[in-house]
Amino acid sequence: KQVGVNQYFAEVLPEDKASFVQKAKAEGHTVVMIGDGINDSPALSAADIGIAIHSGAAIAREIADVTIKADSLEELEAIANQLQRRVSANYRFVLSFNSTLIVLGAMGILQPATSAMLHNLSTIGISLKSMTNLLQEESVPQLNA
Numbered sequence: 004k005q006v007g008v009n010q011y012f013a014e015v016l017p018e019d020k021a022s023f024v025q026k027a028k029a030e031g032h033t034v035v036m037i038g039d040g041i042n043d044s045p046a047l048s049a050a051d052i053g054i055a056i057h058s059g060a061a062i063a064r065e066i067a068d069v070t071i072k073a074d075s076l077e078e079l080e081a082i083a084n085q086l087q088r089r090v091s092a093n094y095r096f097v098l099s100f101n102s103t104l105i106v107l108g109a110m111g112i113l114q115p116a117t118s119a120m121l122h123n124l125s126t127i128g129i130s131l132k133s134m135t136n137l138l139q140e141e142s143v144p145q146l147n148a
């Protein structure tokens with residue numbers, strides 16, 4: 004209920020999982036399937052977005068669109084919230100930075116080559132920033148010798 008899920012199914016056969024996913028998609032729903040085992044593979048493949056748990060079966064990780072290190076829905080929710088914040092921050096930066104470049108170019112303050120270079124450098128910078136971890140790693144206690 005905390006994450007907005009109002010219906011779920013458990014103890015279901017693999018073919019029934021895939022059938023349910025296909026039925027929900029046919030009804031026009033966007034389906035996210037989270038699984039960790041071989042029996043989840045058909046449904047992970049059929050879903051709009053398949054999410055495998057890293058500690059699960061290799062085939063599930065291979066078939067899924069996304070593999071996460073999380074072991075619980077709370078961790079998955081934290082990842083989703085942090086990803087949304089990152090996308091929003093990146094969007095705001097790109098929009099404001101590129102708008103500034105356009106205005107400065109239109110005013111004749113920036114040459115087109117300089118504007119293009121700054122645009123490309125900002126794209127590289129945002130891309131590099133986006134490759135960092137979403138969640139902070141838990142700090143490992145230091146052992147004193």
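When we follow my numbering, the leftmost residue of the sequence shown carries the number 4, and every step to the right adds one.
Backbone N, C-alpha and C define an ideal beta-carbon position, used for all residues, glycine too.
Keep in mind it's a predicted model, so treat the numbers as computed, not measured.
- In the DSSP assignment, M36 is bridged to G53.
- The residue among A21, T33 and A61 with its C-alpha nearest the C-alpha of S48 is A21.
- Per DSSP, the continuous beta strand (DSSP E) segment holding T70 begins and ends at V69 to I71.
- Here the C-alpha atom of L113 lies approximately 10 Å from the C-alpha atom of L121.
- Counting only residues of its own chain and dropping the five nearest sequence neighbours on each side, Q85 has a CB closer than 8 Å to the CB of L137 and L138.
- Residue nearest to L79 within the set A55, I62 and S44 is A55 (criterion: CA-CA distance).
- With contacts defined as CB atoms closer than 8 Å, S133 and N101 fail to qualify as a contacting pair.
- Taken atom to atom, the span from the alpha-carbon of D51 to that of Q25 is near 10 Å.
- Residue G38 holds the alpha-carbon nearest to the alpha-carbon of I62 among A83, A81, L131 and G38.
- Counting other Cβ atoms within 10 Å of its Cβ, D19 stays below 16 and is therefore classed as exposed.
- Rounded to the nearest whole angstrom, the C-alpha separation of G108 and V69 is 40 Å.
- Excluding residues up to 5 positions away in sequence, V34 lie with their Cβ nearer than 6 Å to the Cβ of K28 in the same chain.
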